[in-house]
Structure formats: C-alpha cells, structure tokens
Amino acid sequence: MRSQFLIVPYEDEDLYSWVSRHIKHSINLGFNDILEELTGQRRYSRRIRYLGQIENIARVLSVFGYNAEMIIDKMTYFNIVKPFYDETKTNIIKDSLLGSSERLYNRFSFHKAGMFSAEKFCYKVCPKCFEEDKEKYGEAYLHRNHNIIGIRTCYKHNCYLDIVNYIVNRKGHYYDVDSEYLPSKIKYPTDETIDLHNKFNKDIVYLIEGNMSFITSEIIRKKIKVKLAIMGITNRPFLNNDYLLRDFHSKYSDEFLNEYDLGSKIGNVDTWFRKCMYSDKVNENIFRQIITIRFLFGSLHEFVEFNEVFVPFGKGPYPCMNKICEGYHKKIINRYEGKFHRNRNCYVGTFKCDICGYTYTLSDKTYNENNIDESSRIKSPGELWLRKLEEYVEKGYSRNRIGELLNVSDHTIGDYLSKIGLSRSWYKKGEDNHFNQYWNEKDLEFYPKVKKVINDIKRNKEENRITIRYIAQKVGYSSMKRKGVIERMPKVRKLVEDSTETYAEYKIRIKQLVH
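Residue 73 is where the sequence shown starts when you use the working numbering, and the numbers rise one by one after that.
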C-alpha cells in the first residue's frame, strides 16, 4: 500500500465513507488495484452498511493506531445489534465483518418482516452537517449515526435527514457524498414529536458508541421482568386491561411510530409491544425493543444503570411457620424458590424449613411481614407435623383442638386426615369429651372479657352499633363472630344476645345521645 494515499477517518465516519474517500484520493492507482491493496480482493461490497474484510483493512489503518476491534466499534453498526442477539448470532456477524461480507446483509436482520425496506439501497445526509463538514474539513462524509437503519433525524441538529437512493451494481464506483449530494431545504419534525425524536436519537448514539456492549439479550429480559415485577406486574395482563399498553399509546403517537416504521405500516402495535414486554425472548426488531426499553426505563442509559432487585418478601432469613418445630417463628430459612404464577397473576415464593421439612408459600400480593401466619399457605407440612397430627388423633382430640395446637384451621386438619389413613368424618363434633372441655374453657375465659367490653361501650356512650362483629373486634377474638363458634360458648352467647342492637334500636339510642 502506498502510504502517501492513506487518509485518517473523521469523527463518526462510516466505514463505507472512508473507503470511498480513500478511493477518491488514491487517483494514481486503478480502482480494482486500490480494492485489492485495501481489502485483499478485487471485488468488494458496495452496500453502505455491510462491509467486511475488516481484518485486512485494519492492516492499512494500523498506521493511525486502528485495529480490527476498533474499526468494528467506531465505524460499523455492530454495536446496534450486539445487545439484542444471542452470543451465537453476534459471533456470526462479527466473523462476517472480519472476513467475507457474504450474506452479512441478511444476518443483521434489519429488514426482516419488511422493516425499513425503503433504506435497503440508500444513504442519509444531514444538510446542516454537510455544510459544517465542508467548512471544517474541506469535504463532507457519511456519518455513521445518520446511517443507522430506521433513523430519521440528525442527532445534533434535530432536523430530518435527506434519504439519497443509489445503484448498488454501479461498477467501478463508490458514492462520494461530497461531490454527489445536493443539499435540500431543511425540514423539522412537528412540535408534538420533536422531543421524542431528540430523546430517541440520543439513545441510538448512546447505543452505537458501545455503552451497551456488555449487555446481553438475557440481561435485557431479566431487567424488564424485574422492572415489571417492581411495578406489580408478574404476568401478561388481558389486552383490554393492559394499562401499560394504553400508557404507551398515549406517549408514542401513531405519527411518531409510523415515521420509524413501527406503527400500522408494519403490523399491530399492540401485538409487538406486548411481545417485547412479556415474551421470554428478545424481539428481533431492534427498534421496537429500544422503544419498549425507553418506555419502561426512560432511556437506555437509565436501563444500563438500573440494578434494582425484586425482593417481594423482604430480606431474609425467613421464619419457620410450623408451631411444633423448635425453629417456630425463628428466622432459620436462608433462601426460597420463587416464580411468577400465571394463573394467580402473582409472584409466589416457596419456603422450606431444613429442621422439620415444613414447606409454605407466600404471594407477593398478600404478603404481610408482620403477620406471616395469615398470609402463608401450607404446601407440605413435613413428617414431624404429620406424626404430631397422628399423635393428637390417637389422644382423641377434636379437629378444632388439633388445629389450635398445630396453628391451622380445622378444615386443614380435615384435608390431611387422609395422609394418616383417616376419613374426613373421623370425628363427629359434640361427642368428644376433649371437644366439650375445650369450649367450656373458652366460654369461661371470654365471658368476663365480653362483659367488660359491653359495659364500656354503654358507659362511654359509643356511637357504634353494638353487634357481635363489633364486640368480637373489641375483645380481640375475631373467630367469635364466625357461625358455630359463639353457639359453643353458652354464657358468652346469652350475654351477647341480650346486649346486641337491632338497627331500629341503634337509631333510637343514637337519637337519645344527640339530644
């Protein structure tokens, strides 16, 4: 290579533009000779965005400190696709850039499903940048940030780019924007969309400058899931209840989406938006994915900086909820298994005690750190719990008594009777001495408490209606209002029946209080 013909790439210059300028300034060499010395072959791609043989070009540009990795990072469009494809696909694309550019056009997948078909054979120029470059350098060149497929406006001047079509098979020729482009009248987006255009372009520049080079498609899906979970969304909502979809439509107008070929021209916005939001795979339409990330996080920079962790059940360790375990209510469970439950539309954690084997679940929608007894659900009681159940059955305890001892409802006891070989009808309430004794004790325990509460209500002339529910609340025994509970406590029942008010009696008492 004749070093006197080498030229330094300009800031943000596209690789095609540098090759074109190199050919233009190498007037003492034939066209094919220049290509052979530059790329190692006499035929070379003329598609602006898809040039290969970068390993050979790097040998030429090494004079200016460039290597193959630097050329890919600063002069190609590899950084646009890298975060959104899996490792296998990005390696194929990178190998094609380093070596032959054959089939590279399809591997980039920019044009799948008819995306941006108008830009297959064109380059884009900002009229203002064109004039500024000519004044600063004496010549103009193609900016990489302008020629990203799908971009419509200049990232510096916020005006629309001119789209210039060219003929790919024009032999012996590389398009030189400096001599072949004629600036047109400058146009700007509407006031309604200019802010969206500006922010979108800043994100594209942020992306192509390699600020997301360490991001993978798996990281993208994980961050979106965590963000949605923090927002309280753990499953795909029904279409007519998807308020995020409505918010998206209110933020991004059809005018803006259509300008980037993201609207009705391609297909149903609702379909691709929901797929980008809730699918386990990254959508191959990169710009749809960028718009979705922008909608959720505000910008790509905020997305990269987002490191929050979804902690639906607070920081561990977590308590064992088995009343007969030596670790009961002690924080001895260090980890749990969690997953999104599609049918229940919530995040469910499964907690297992290593001491007794008791396993329970918590839902992020009903979780209450101060009352895990109420919000937890038994998944498996464990062998220790089942052995204790069998022991209590052998002693003749009632289901209610056993439920109290094991800290579960009598219905739960009935569910687990079959585990130890008994049917649900194993016990008939009212025929067991232990059962009667238990309720006699309850009656004696709560009679003075209920009497005191009723006297206090009347003495203080409270405006609340005296009902069994209100009395149970004041006593602190919520189960007392349940059907079948107060009937088993005859003294308490008579006291309550003599004191509760009908609605008519309540109205008369309130009237008397007012006067």
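Where a beta carbon is used, it is the ideal one built from N, C-alpha and C, also for glycine.
- One Cα belongs to asparagine 163, the other to threonine 262, and the distance between them is close to 40 Å.
- With a contact defined as Cβ atoms closer than 8 Å, isoleucine 143 and tyrosine 246 miss out at about 17 Å.
- Tyrosine 324 counts as buried, since no fewer than 16 other beta carbons sit within 10 angstroms of its beta carbon.
- A residue is called buried when at least 16 other Cβ atoms come within 10 angstroms of its Cβ; glutamine 361 meets this threshold and is buried.
- Pairwise C-beta distances place the segment 393-400 in contact with the segment 469-486, as three or more of them are shorter than 8 Å.
- Asparagine 151 places its beta carbon less than 8 Å from that of serine 285.
- If only complete runs of 3 or more residues are kept, the segment 82-141 shows no beta strand (DSSP E) anywhere.
- Listed in chain order, the beta strand (DSSP E) runs fully inside the segment 211-274 are 234-237, counting runs of at least 3 residues.
- Ranked by how close their Cα comes to the Cα of valine 564, the residues Met552, Phe423 and Glu290 have Met552 in first place.
- Taking each of Ser134, Lys294 and Asp205 in turn and checking the Cα distance to tyrosine 350, the smallest one comes out for Lys294.
- Counting only runs of 4 or more residues that sit fully inside the segment 356-384, the alpha helix (DSSP H) segments are 358-369 and 372-377, in chain order.
- Secondary structure of glycine 399 (DSSP, three-state): coil.
- Excluding residues up to 5 positions away in sequence, nothing lies with its Cβ nearer than 6 Å to the Cβ of isoleucine 444 in the same chain.
- Annotation: the continuous beta strand (DSSP E) that includes tyrosine 195 extends over 194-197.
- About 14 Å separates the CB atoms of asparagine 357 and isoleucine 276; that is not less than 8 Å, and the two are not in contact.
- DSSP links leucine 567 through a beta bridge to no other residue.
- For the pair valine 383 and glycine 410, the Cα-to-Cα distance works out to about 10 Å.
- Rounded to whole angstroms, the separation of the alpha carbons of tyrosine 149 and leucine 214 is 13 Å.
- Lysine 530 has its alpha-carbon roughly 21 Å from the corresponding atom of isoleucine 558.
- Per DSSP, reduced to three states, the secondary structure at threonine 539 is coil, with no helix or strand assignment.
- When C-alpha distances from valine 381 are compared across Ile302, Lys403, Asn237 and Glu109, the shortest belongs to Ile302.
- Note that the C-beta distance between valine 522 and isoleucine 543 is below 8 Å.
- Rounded to the nearest whole angstrom, the C-alpha separation of valine 420 and lysine 297 is 15 Å.
- The beta carbon of arginine 118 lies closer than 7 Å to those of Val240 and Tyr246 in the same chain, with the five residues before and after it left out.
- For the 8 Å CB-CB criterion, lysine 196 and aspartate 250 do not form a contact.
- Judged by beta-carbon spacing, cysteine 425 lies within the 8 Å limit of isoleucine 404, meaning their Cβ atoms are closer than that value.
- Note on leucine 254: under 16 other CB atoms within 10 angstroms of its CB, so exposed under the neighbour-count rule.
- Collapsing the DSSP output to three states places isoleucine 276 in a helix.
- In this structure the segment 447-457 touches the segment 428-438; the number of beta carbon pairs closer than 8 Å is three or more.
- The shortest C-alpha to C-alpha distance from phenylalanine 272 to any of Ser447, Glu517, Gly370 and Ile474 is the one to Gly370.
- Secondary structure note for lysine 451: its beta strand (DSSP E) is the uninterrupted segment 449-452.
- Glycine 548: not part of any alpha helix (DSSP H); DSSP gives it neither H nor E.
- Note that the C-beta distance between leucine 461 and lysine 533 is not below 8 Å.
- By the Cβ-count criterion, isoleucine 258 is exposed, with fewer than 16 other Cβ atoms from all chains shown falling within 10 Å of its own Cβ.
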